[in-house]
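J.: Going by the working numbering, the first residue of the sequence shown is number 544, and it counts up by one from there.
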Amino acid sequence: EFPGDVLCFSLQKNGRVTGNTVVGGVISLFMNKESRCNSNIVEDSNTAGIFISVPAENNLVEANTVRRSTGSGVVVRRQIDHRDGPDGVSGSVLTPPTYRAPGIVIRDNLVEDSRFMGIEIDQTVDAVIEGNVVRTPDFHGIYFLRTDGPQVIGNRAEDFG
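#1: So, using beta-carbon positions, are G674 and A700 closer together than 7 Å?
#2: For P645, which three-state DSSP category applies?
#3: Using three-state DSSP, classify L653 as helix, strand or coil.
#4: Can you confirm whether the region 594 to 610 touches the region 641 to 656 when touching is taken to mean that 3 or more C-beta pairs between the two stretches lie within less than 8 Å?
#5: Going by the CB atoms, is the gap between S615 and T591 shorter than 7 Å?
#6: For V585 versus V617, is the C-beta distance shorter than 7 Å?
#7: Contact check, G568 vs V597 under 8 Å by CB: the rounded distance?
#8: Grab the span of the beta strand (DSSP E) containing R579 for me, first residue to last.
#9: Quick one: what's got a C-beta closer than 8 Å to Y642's C-beta in the same chain, skipping five residues either side?
#10: In angstroms with no decimal places, state the Cα-to-Cα distance between Q694 and F703.
#11: Would you tell me roughly how many angstroms separate the C-alpha atoms of P645 and S657, rounded to the nearest one?
#12: Nearest by alpha-carbon distance to L572: which of N563, L554 and D587 is it?
Put into structure tokens, the structure is as follows:
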């Protein structure tokens with residue numbers, strides 16, 4: 544659990560995070576399957592607005608509004624502070640860099656004024672990034688790293704970089 548987590552779902556299947564308003568923190572879904580995060584408002588997060596950690600499968604992030612996050616607005620990536628050392632802090636990151644999360648869909652979200660990227664996607668396969676609007680991120684509108692076969696459809700990025 545990260546100090547910025549306001550609403551945290553860990554190891555859930557068929558979970559729903561819907562219709563919430565979060566101010567000053569992040570909505571986090573850690574290692575979830577078949578879960579949805581939709582129709583939420585996240586403002587002034589001290590980290591990412593919405594964070595999906597991999598490994599994960601078949602998660603949907605849809606119709607959310609994220610404003611003024613000090614990290615990226617919507618993030619999908621491995622949790623780098625979970626390690627295999629005896630203390631859980633040292634050693635290698637548990638999720639290998641070769642892992643790819645299937646079935647990730649980021650759709651119809653509004654992301655405004657994020658400190659890093661609007662949408663940041665890492666370690667997925669066939670992710671669908673569709674119909675999102677990203678306005679005024681400090682760096683990239685939509686950023687991919689270690690991602691295989693992404694489908695980027697009908698998004699709008701304005702005033703970035």
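The C-beta atom is built at its ideal place from N, Cα and C for all residues, glycine as well.
T.: Reading off the structure:
#1: What you label residue 674 is simply residue 131 of the sequence shown in a count that begins at 1. What you label residue 700 is simply residue 157 of the sequence shown in a count that begins at 1. If you check the CB distance, G674 and A700 do not come in under 7 Å.
#2: Counted from its first residue, the sequence shown places residue 645 at position 102. In the structure shown, P645 sits in a strand (DSSP, three-state: E or B).
#3: Indexing the sequence shown from 1 puts residue 653 at position 110. Per DSSP, reduced to three states, the secondary structure at L653 is strand.
#4: Judged by Cβ distances under 8 Å, the region 641 to 656 makes contact with the region 594 to 610, as three or more pairs qualify.
#5: As a working note, residue 591 is residue 48 in the sequence shown. As a working note, residue 615 is residue 72 in the sequence shown. Inspection of the sequence shows that residue 591 is occupied by Ala rather than by Thr. Yes, the Cβ-Cβ distance between A591 and S615 is below 7 Å.
#6: On the sequence shown, residue 585 is found 42 positions in, with the first residue counted as 1. On the sequence shown, residue 617 is found 74 positions in, with the first residue counted as 1. It is not a contact, given that the beta carbons lie outside the stated cut-off.
#7: In the sequence shown, the residue the question calls residue 568 occupies position 25. In the sequence shown, the residue the question calls residue 597 occupies position 54. Not really, about 21 Å apart at Cβ, beyond 8 Å.
#8: Along the sequence shown, read from residue 1 onward, the residue named residue 579 stands at position 36. Looking at the DSSP string, the run of the beta strand (DSSP E) that includes R579 is R579 to N581.
#9: Position 99 of the sequence shown, counting from 1, holds the residue named residue 642. So the qualifying residues of the chain are V597, P598, R621 and Q666.
#10: Counting from one through the sequence shown, the residue named residue 694 turns up at place 151. Counting from one through the sequence shown, the residue named residue 703 turns up at place 160. Going by the C-alpha atoms only, they are around 21 Å apart.
#11: As a first step, residue 645 is located in the sequence shown; it is residue number 102 there, counting from the start. As a first step, residue 657 is located in the sequence shown; it is residue number 114 there, counting from the start. Taking the straight line from one Cα to the other gives about 26 Å.
#12: Residue numbering aside, residue 572 sits at position 29 when the sequence shown is read from its first letter. Looking only at N563, L554 and D587, the smallest Cα-Cα distance to L572 is reached by L554.
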